[in-house]
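What follows is a short report on a single structure.
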Amino acid sequence: MSLDTQFYTMLLMFGSGVYLGSAIDTYRRFERLWKGHVWLRYVSEILFWVIQSVIIFYMLFLGNEGELRFYIFLSILCGYAAYQALFKTVYRLWLERVITMTVALYRFLKRLVFVLIVQPIRFLLMLVTKLLIIFWSVILWILMTLLKVVLYPIRLLGKLLWWLLPKKFQEFLRQVAGFYSKMKNRLDKIWEKYVSKRGE
Numbered sequence: 779m780s781l782d783t784q785f786y787t788m789l790l791m792f793g794s795g796v797y798l799g800s801a802i803d804t805y806r807r808f809e810r811l812w813k814g815h816v817w818l819r820y821v822s823e824i825l826f827w828v829i830q831s832v833i834i835f836y837m838l839f840l841g842n843e844g845e846l847r848f849y850i851f852l853s854i855l856c857g858y859a860a861y862q863a864l865f866k867t868v869y870r871l872w873l874e875r876v877i878t879m880t881v882a883l884y885r886f887l888k889r890l891v892f893v894l895i896v897q898p899i900r901f902l903l904m905l906v907t908k909l910l911i912i913f914w915s916v917i918l919w920i921l922m923t924l925l926k927v928v929l930y931p932i933r934l935l936g937k938l939l940w941w942l943l944p945k946k947f948q949e950f951l952r953q954v955a956g957f958y959s960k961m962k963n964r965l966d967k968i969w970e971k972y973v974s975k976r977g978e
């Protein structure tokens, strides 16, 4: 392995150490989101370290085709230490700003979608519903009016026939109607008692 390749690999591993420090801080910042779920916490921890190992090994592969040397681990450790000493505070401040801006942008877009899409759709649905109710009410009114017009001659004919009936026959019909009304009331009471007993 040439000196140029070794130096290039050391720089890559130093950068990987800096990256690893920032990745750990980023992960710890978002770890609170699933803090209450133990199984999710373990799974995410394992996935995190597997992904970081793959990334660092890929960087090593770019440098010297994946050959492990002692100075490689030392370079990663130096990069991580440099991050902790020089970049950690700045990176955390930058990360918080990015998170704050992302949350603000998300809320703005959510509000924008609600105002431009959800509210108009809701208004249109309410308008269509009210128009359908009004239309149905008008149709019912027209039908009831037509029914009254159609039934009016029949009612007049019925009154005329009733007036032409003999008085005794009219009295008989009234008695039949009264008897039917009494029987209906009694049957209703019997049915109510039966239902109430079954309910008990």
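Quick note, my numbering runs 778 ahead of the 1-based positions in the sequence shown. Using N, Cα and C, we set each Cβ at its ideal position, and we do this for glycine too.
| said: Let me check understanding here. Comparing Cα to Cα, which of Gln830, Ser800, Val876, Glu823 lies closest to arginine 810? | reply: Indexing the sequence shown from 1 puts residue 810 at position 32. Minimum Cα distance to arginine 810 is reached at Glu823.
| request: Taking only runs that begin and end inside the region 782–808, name each unbroken beta strand (DSSP E) of 3 or more residues, in chain order. | output: Fully enclosed beta strand (DSSP E) runs of 3 or longer: not present.
| request: Return the first residue and the last residue of the alpha helix (DSSP H) that phenylalanine 826 is part of. | output: The residue labelled residue 826 in the question sits at position 48 within the sequence shown. According to the DSSP assignment, phenylalanine 826 belongs to the alpha helix (DSSP H) that extends over 816–842.
| Which residue's Cα is closest to the Cα of glycine 857: Lys962, Arg847, Val927, Gly793? | For the purposes of this step, residue 857 is taken as the residue at position 79 of the sequence shown. Taking only the C-alpha atoms, the option nearest glycine 857 is Gly793.
| said: Taking a contact to mean a Cβ-Cβ separation below 7 Å, would you say valine 796 touches tyrosine 861 in this structure? | reply: For this step, residue 796 is matched to residue 18 along the sequence shown. For this step, residue 861 is matched to residue 83 along the sequence shown. Taking a C-beta distance under 7 Å as the contact criterion, valine 796 and tyrosine 861 qualify as a contact pair.
| Euclidean distance between Cα positions of leucine 909 and arginine 889 | The residue given as residue 909 occupies position 131 in the sequence shown. The residue given as residue 889 occupies position 111 in the sequence shown. Near 28 Å, if we compare the C-alpha coordinates of arginine 889 and leucine 909.
| isoleucine 834 burial status per 10 Å Cβ neighbour count (16 or more: buried) | Taking the sequence shown and counting its residues from 1, the one referred to as residue 834 is at position 56. Here isoleucine 834 is buried. Its C-beta has 16 or more other C-beta atoms within 10 Å.
| Can you name the start and end residues of the alpha helix (DSSP H) that valine 876 belongs to? | In the sequence shown, the residue the question calls residue 876 occupies position 98. Annotation: the continuous alpha helix (DSSP H) that includes valine 876 extends over 866–891.
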